[in-house]
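Undergrad:
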């Protein structure tokens, strides 16, 4: 169940996907690939953009003639501007943009992290969203289309040990909110997608293959420890696009937290700051330096 669907402000009307053209970043695997398959199946032409060009090409071949692969790094502004041009040249239009590409940092505290790692995460997760959306806006407005920026429930969750990721996703949320209002004034629309823990390679590397990540994951209370598949996450985005949703969130257990974050986080931050188990995890994390 998607609580956003029950919200009268969650969308601005229906949006037919068939016959549209969509550009999706991070489409070589995970949520992006699953979304490309869903939108293609609903009749859209799909541009799969990924830094791993071979993965994008393989996925495009598997989808069919309405799929187009582009190798590009979202952190490179010129590459993304060229990618948008190539999509319009190929399909004659661009209706849907999904800024999905993202990375997680190597686990570290603010004190011990490599500043270059901070820059890498922000460059992909935040600046990469701008680089994806900005060159596409004239085309999206011309077709009265829809933009989705993929934030995360991490945007409003505690960020110890991985603050660049949380910071980037909080900033993407604010970018999406601004975009929604600005595009509404010119007949287009935008939405923000929030996810909890999704079963992707990125999640497995961060939580399942790392000793401290596994311990942190075990400390998450229900429903924050509920995982969803990449296909479930992608379907949430696709369904949101079809109704021009201003926000989607999955799994649904995160919805109360999202709505009550102001009060919840005051209590949660206080408890975490006083929790001896958390202190021990932080000390062990810093010993990795």
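Numbering (our numbering), first residue to last: 575 to 863.
Every residue gets a Cβ at the ideal spot worked out from N, C-alpha and C, and that includes glycine.
Quick caveat, the model's predicted, so the values are computed rather than measured.
Closer than 8 Å by C-beta to residue 663: which residues in its own chain qualify, once you throw out the five before and the five after it? Chain order, please.
TA: Contacts found: none.
Undergrad: Kindly identify the DSSP beta-bridge partner or partners of residue 765.
TA: Note: residue 765 sits in a beta bridge opposite 722.
Undergrad: Of the residues 589, 631, 643, which one's Cα is nearest the Cα of residue 670?
TA: Among 589, 631, 643, the Cα nearest to that of residue 670 is on 589.
Undergrad: Is the beta carbon of residue 703 closer than 7 Å to that of residue 866?
TA: Because the chain in this structure spans residues 575 to 863, residue 866 falls outside the shown range and cannot be described.
Undergrad: Taking the alpha-carbon of residue 726 as reference, which of 710, 718, 707, 749 has the nearest alpha-carbon?
TA: Ranking 710, 718, 707, 749 by Cα distance to residue 726 puts 749 first.
Undergrad: Tell me which residues share the same chain as residue 742 and place their Cβ nearer than 7 Å to its Cβ, disregarding the 5 neighbours each side in the sequence.
TA: Contacts found: 695, 696, 699, 700.
Undergrad: Could you give the first and the last residue of the continuous beta strand (DSSP E) run that contains residue 624?
TA: First-last of the beta strand (DSSP E) with residue 624: 619–624.
Undergrad: Exposed or buried, residue 681, counting other C-beta atoms within 10 Å across all chains shown (16 or more means buried)?
TA: The residue is buried, with at least 16 neighbouring Cβ atoms inside 10 Å.
Undergrad: Run the CB neighbour count on residue 705, radius 10 Å, all protein chains shown included, and call it buried at 16 or more, exposed below.
TA: Buried, since its Cβ has 16 or more Cβ neighbours within 10 Å.
Undergrad: Taking the Cβ atom as the reference point for each residue, do residue 835 and residue 730 lie within a distance shorter than 7 Å?
TA: Taking 7 Å as the Cβ cut-off, residue 835 and residue 730 qualify as a contacting pair.
Undergrad: Here's a check: name, in chain order, each residue in its chain whose Cβ is nearer than 8 Å to the Cβ of residue 630, leaving out the five neighbours to either side.
TA: 601, 602, 622, 623, 624, 643, 644, 645.
Undergrad: My understanding is that residue 668 touches residue 717, with C-beta atoms under 8 Å, so please give their C-beta distance in whole angstroms.
TA: 7 Å between Cβ atoms; contact.
Undergrad: By DSSP, does residue 606 sit in helix, in strand, or in coil?
TA: Helix at residue 606.
Undergrad: Taking the DSSP output, what are the residues bridged to residue 642?
TA: Per DSSP, 621.
Undergrad: Does residue 575 come out as helix, strand or coil in the three-state DSSP assignment?
TA: Unreliable positioning characterises residue 575 in this predicted model, as indicated by a pLDDT of 41, which lies under 50. The coordinate reading is nonetheless provided below. It is coil, neither helix nor strand.
Undergrad: Applying the 10 Å Cβ sphere with the 16-neighbour rule, what's the burial state of residue 849?
TA: That one is exposed.
Undergrad: Here's the rule: buried if 16 or more other CB atoms are within 10 angstroms of the residue's CB, otherwise exposed. What is residue 615?
TA: When all chains shown are included, residue 615 counts as exposed.
Undergrad: As a quick exercise: from 760, 723, 759, 756, pick the residue whose alpha carbon is nearest that of residue 745.
TA: Here the closest residue by C-alpha is 723.
Undergrad: Between the beta-carbon of residue 612 and the beta-carbon of residue 606, is there less than 7 Å?
TA: No, these two residues do not count as a Cβ contact at 7 Å.
Undergrad: Can you find the residues in the same chain that come closer than 6 Å, C-beta to C-beta, to residue 857, ignoring five residues on each side of it along the sequence?
TA: Nothing listed; no residue qualifies.
Undergrad: Pick out whichever of 838, 683, 737, 665 has its Cα sitting closest to the Cα of residue 859.
TA: Residue 859 has its Cα closest to that of 683, out of 838, 683, 737, 665.
Undergrad: Which first and last residues belong to the beta strand (DSSP E) in which residue 823 is found?
TA: Residues 821–824.
Undergrad: Apart from the five residues just before and just after residue 719, which ones in its own chain have a Cβ nearer than 6 Å to its Cβ?
TA: If we look at residue 719 and ignore the five residues flanking it on each side, its Cβ neighbours are 669, 670, 762.
Undergrad: Can you give me the Cβ contacts of residue 825 inside the same chain, cut-off strictly under 7 Å, excluding the 5 residues immediately before and after it?
TA: Correct list, in chain order: 770, 797, 800, 802.
Undergrad: Assign residue 820 to buried or exposed, taking buried as 16 or more other Cβ atoms, counted over all protein chains shown, within 10 Å of its Cβ.
TA: Residue 820 is buried by the Cβ-count criterion.
Undergrad: Less than 6 Å between C-beta atoms, sequence neighbours within five positions excluded: which residues of the same chain meet that for residue 828?
TA: Closer than 6 Å at the Cβ level, and outside the excluded window around residue 828, lie 727, 770.
Undergrad: Write down every uninterrupted run of the beta strand (DSSP E) in the stretch 663–708 whose length is 3 residues or greater and which is fully enclosed by it, in chain order.
TA: Qualifying beta strand (DSSP E) stretches, in chain order: 670–673.
Undergrad: Among the residues of its own chain, which have a CB less than 6 Å from the CB of residue 852, if the five just before and after it don't count?
TA: Answer for residue 852: 846, listed in chain order.
Undergrad: Report yes if the CB atom of residue 679 is closer than 7 Å to the CB atom of residue 738, and no otherwise.
TA: Taking 7 Å as the Cβ cut-off, residue 679 and residue 738 qualify as a contacting pair.
Undergrad: Considering only the beta carbon of each residue, do residue 675 and residue 658 sit closer than 7 Å?
TA: No, Cβ-Cβ distance for residue 675 and residue 658 is not below 7 Å.
Undergrad: Which residue from 619, 656, 626 puts its Cα closest to that of residue 641?
TA: Taking only the C-alpha atoms, the option nearest residue 641 is 619.
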